[in-house]
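Undergrad: Position one of the sequence shown corresponds to residue 204 (the numbering used here), numbered consecutively onward. Take this structure first; my questions come after.
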Amino acid sequence: MINKAPVVIGGVFIAYLVFVGVTMTVYEPSPDDRPWEDRQEHNARQMSDLEFGYTIKQVNQLLGSADFVEAKQSDDGNFKLMYYRTHHQKSDSKTTKDECTPLLFKDSQLIAWGQDTIAQYMELPVLLGLNN
């Protein structure tokens, strides 16, 4: 009588190797799944691909979740300032706003990015009374 256990075990092992090989060649981690160093490099490269009018959803697909978010409502619309880590300042194991590039959205559409964006956002008046 022939023992089929080695054949079955060998078949399972080969199937496992094929699965691991396909997964390693096809799987692309999202920016949120990457270590901070890789995410920072990824975000810095992707900044050149940004275009005015991108939606927040499109930017999140490209860059992942923002590291910091600020928002305000004014007479001109709803504004959101989202910060994405793009460079390293000091090794303190914390991401700070000075290590990020800010992106400014008006009504969920990208309208500006870069360091001057913070001043643009800060100059926007805040809508104090909401009409129901």
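Yeah, the Cβ is synthetic: ideal placement off N, Cα and C, and Gly gets one too. Since we're looking at a predicted model, the values are computed, not measured.
Please specify which runs of the beta strand (DSSP E), each continuous and at least 3 residues long, are wholly inside the stretch 270–308, giving them in chain order.
TA: Correct list: 271–277 and 280–288.
Undergrad: Look up W316 in the DSSP assignment and give the residues it is bridged to.
TA: Answer is L306, bridged to W316.
Undergrad: Work out the CA separation of V211 and A218 for me, nearest whole Å.
TA: C-alpha separation (whole angstroms): 11 Å.
Undergrad: Evaluate contact between the stretch 281–288 and the stretch 237–251, counting only Cβ atoms and requiring at least three cross-stretch pairs below 8 Å.
TA: The stretch 281–288 is in contact with the stretch 237–251.
Undergrad: Using the C-alpha atoms, what's the distance from L330 back to C303?
TA: Straight-line Cα distance between these residues: approximately 27 Å.
Undergrad: Report the rounded CA-to-CA distance for G256 versus G214, giving the unit in angstroms.
TA: Cα to Cα, the separation comes out at about 52 Å.
Undergrad: If you draw a straight line from the C-alpha of A322 to the C-alpha of R237, how long is it?
TA: Distance between the alpha carbons of A322 and R237: 30 Å.
Undergrad: Can you say whether D270 is buried or exposed, counting buried as having 16 or more other CB atoms within 10 angstroms of its CB?
TA: Flag for D270 reads buried.
Undergrad: Go to I259, then tell me how far its alpha helix (DSSP H) extends in each direction, as first and last residue.
TA: Counting along the chain, the alpha helix (DSSP H) containing I259 begins and ends at I259 to L266.
Undergrad: Given a cut-off of 9 Å, decide if P328 and G317 are closer than it, judged by their beta-carbon atoms.
TA: Contact flag unset, no.
Undergrad: How would you write the range of the alpha helix (DSSP H) that D252 sits in, first residue to last?
TA: It is not in any alpha helix (DSSP H) - D252 carries neither H nor E in the DSSP assignment.
Undergrad: Answer yes or no: do I259 and S294 have a C-beta to C-beta separation smaller than 9 Å?
TA: No. Outside cutoff.
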